[in-house]
Amino acid sequence: MDTMRERFISSTTRLLDEDPRLALVLADISADGFRPAARAHPSRVINVGIREQLMIGVGGGLALTGLRPVVHTFASFLVERPFEQVKLDFGHQGVGGVLVSAGASYDWPAGGFTHMAPGDVALLDTLDGWTVHVPGHPDEAEALLRRATPGDDRVYVRLSLQSNEHGRPVDGARFLPAREGRDGVVVAVGPMLDHVLAATEGMDVTVLYATTVRPFDASAVRRAIGHGPADVVIVEPYLAGTSTAAVNEALADVPHRVLGLGVARRELRRYGRMEEHLAAHGLDPAGLRDRIARFLGAGVSR
Amino acid sequence: MTSTRLTTIRDGAPGRRELDRLTALMALMTGDEKHGPAATSTLDALWVLYDRVLRVSPETAASPERDRFLLPKGHGPMAYYAVLAAKGFIDEEVLAGFGAYDSPLGHHPDRVLVPGVEIGSGSLGHGLPLAVGTALGLRAQGLDTPRVWVLIGDAELDEGSNHEAMAFAGPAGLDRLHTLVIDNGSATHGWPGGIASRFEAAGWSAATVDGRDQQALHSAFTAPHPGRPRAVVARVEPKNA
Chain A
1 MDTMRERFIS STTRLLDEDP RLALVLADIS ADGFRPAARA HPSRVINVGI REQLMIGVGG
61 GLALTGLRPV VHTFASFLVE RPFEQVKLDF GHQGVGGVLV SAGASYDWPA GGFTHMAPGD
121 VALLDTLDGW TVHVPGHPDE AEALLRRATP GDDRVYVRLS LQSNEHGRPV DGARFLPARE
181 GRDGVVVAVG PMLDHVLAAT EGMDVTVLYA TTVRPFDASA VRRAIGHGPA DVVIVEPYLA
241 GTSTAAVNEA LADVPHRVLG LGVARRELRR YGRMEEHLAA HGLDPAGLRD RIARFLGAGV
301 SR
Chain B
1 MTSTRLTTIR DGAPGRRELD RLTALMALMT GDEKHGPAAT STLDALWVLY DRVLRVSPET
61 AASPERDRFL LPKGHGPMAY YAVLAAKGFI DEEVLAGFGA YDSPLGHHPD RVLVPGVEIG
121 SGSLGHGLPL AVGTALGLRA QGLDTPRVWV LIGDAELDEG SNHEAMAFAG PAGLDRLHTL
181 VIDNGSATHG WPGGIASRFE AAGWSAATVD GRDQQALHSA FTAPHPGRPR AVVARVEPKN
241 A
């Protein structure tokens, strides 16, 4: 199976053929993969070199002329380094674009912390009007990308090497039910789904699958909890707690408890492999099962 | 240099009257003394651009074929607003509300609120990258007529984002792109070797002129520069003089 990033390259190459309004801005990352696209569309595939502030500014400038920019590099350099450009060159200008990142939170642990961006979604949460897609499979990445490119809005697509085994029919808006149960609700974001399903095997919980986290599908969570007091766990492949505010807002008028699981804020300062980092953050099935069971068990006595 | 040098606005024209008009318009905006000198430093260059160079009017402010003028150096926008009022983009009446809660005119301009304003600005270093993207976007759509102008200050040139844009635009051959640098000597560490040389080293066509000499500005603005972006450095009286 290809990776989400490889699928991004192949599908965007096709989209550039199909949609004359689409333009791609790169800062050397993935430039090799886009070489055929650059040959076919030299004026709409723009590699600015290793210049991330310029990359975002160019995206905003392209949008000001009516084009639809897709802007891509590693998450650290796409969202964190030029954050003020993301804020001003899109939002403040009142224009849109599609930011597509690779690298995510722990895709390349041997590369160290410089190439990890667990805070990207939390950062975008400080801005208005960004749709955030976190696909859990290359098929979903392609589907979400195809939904994003025709619009005029601001969209972030977060790609990762971590993937679920099977893609699901995501629609770019709603959370999908993955399991029904009565003792609580677990929201699994993107590539966390397989681990969450394994972790909750045998538990009587509802599992919701979220690949579009902003806007947050509050109605899906409300439906899932029913009427009574609610216990909600949200498992995200980025900074732990990023979406607990969204859950709280969704359940503002219902007594509830929320547990936010994800990547720890504290720098792990370890190299190694993705699996080792998932275990260290308690995001492997065993770690998740332990923490979800303790949280829901603690709720029983309430 | 003093304002008494602002007498030769155009060939044989009674420039004094136009300048007095702009000065009167600027006087309608009050309460921004901090940005006062920055505002007047751009006045001559802005007027020459809007009066004689830019192909844009209130009627064509939304046309894809219009020339674009981007002002990232949002500080001291009084001259900009005065020129926009003189050219009919905004009503003179709104000038008096400058900076007020219900005014469209802030101390930094907002493209969403002011017709003819191409970018919302204030944070230094955003305009030139946006201008590069605008030039690329026009080129990609086969819009070969419109020219893109961006005005920055010599201190704004300190921002690294501008250097990313300068270094890219030269080799990319963005000959529809023009940068006007108002040099009032306000960069903390200065630009040894001169500002124009930085652009030239990046593959731009560049010239340095007296920013109060409207004829010299016009000549520099309209000089041909095939295959290369153009930078015009307009020297004005030092900020702290």
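Note that the protein sequences, when read in sequence, are chains A and B.
Under full-length UniProt numbering, think of the first position of the first sequence as 1, with each following residue one higher.
Under full-length UniProt numbering, think of the first position of the second sequence as 1, with each following residue one higher.
Glycine residues also receive a C-beta, built at the ideal position from the N, C-alpha and C atoms.
Cutoff 6 Å; reference residue 118 of chain A; Cβ partners in own chain excluding five residues on either side: 105, 238, 239, 263
Own chain, CB closer than 8 Å to residue 122 of chain A, minus 5 neighbours either side, in chain order: 238, 239, 242
First through last residue of the beta strand (DSSP E) which encompasses residue 18 of chain A: Run containing residue 18 of chain A: none in the beta strand (DSSP E); it sits in the alpha helix (DSSP H), 4-18.
Nearest candidate by alpha-carbon position, reference residue 51 of chain B, set B:204, B:87, B:119, B:92: B:87
Which residues DSSP lists as bridging residue 149 of chain B, in chain order: B:69, B:178
Coil, strand or helix - residue 160 of chain A by DSSP: coil
Check whether residue 221 of chain A and residue 199 of chain A have beta carbons under 8 Å apart: no
Neighbour list for residue 51 of chain A in chain B, Cβ cutoff strictly below 7 Å: 164, 168
Under 8 Å between C-beta atoms of residue 64 of chain A and residue 93 of chain A: yes
Residue 28 of chain B, enclosing alpha helix (DSSP H) - first and last residue: Taken as a continuous stretch (DSSP letters only), residue 28 of chain B belongs to no alpha helix (DSSP H), as it is neither H nor E.
Per-residue DSSP class, three states only, for residue 131 of chain A: strand
Residue 238 of chain A - containing alpha helix (DSSP H), residue span: Note, residue 238 of chain A: premise wrong, no alpha helix (DSSP H); beta strand (DSSP E) at 230-239.
Beta carbon proximity, residue 131 of chain B to chain A, threshold 8 Å: yes
Cα-Cα separation between residue 304 of chain A and residue 236 of chain B, rounded to whole angstroms: Outside the displayed span of chain A (1 to 302) sits residue 304 of chain A, for which this structure offers no information.
Neighbouring residues, chain B, relative to residue 92 of chain A (Cβ below 7 Å): 120
The alpha helix (DSSP H) enclosing residue 80 of chain B, as first and last residue numbers: 78-86
Euclidean distance between Cα positions of residue 59 of chain B and residue 89 of chain B: 9 Å
Spatially closest choice to residue 125 of chain A from A:245, A:173, A:298, by CA coordinates: A:245
Where residue 132 of chain B falls: helix, strand or coil (DSSP): helix
Proximal residues to residue 48 of chain B (C-beta, below 6 Å), its chain only, five neighbours per side dropped: 214, 217, 218
Cβ contact check for the segment 63-81 of chain B and the segment 284-299 of chain A: 3 or more pairs under 8 Å: no
C-beta contact flag for residue 189 of chain A and residue 210 of chain A at 8 Å: yes
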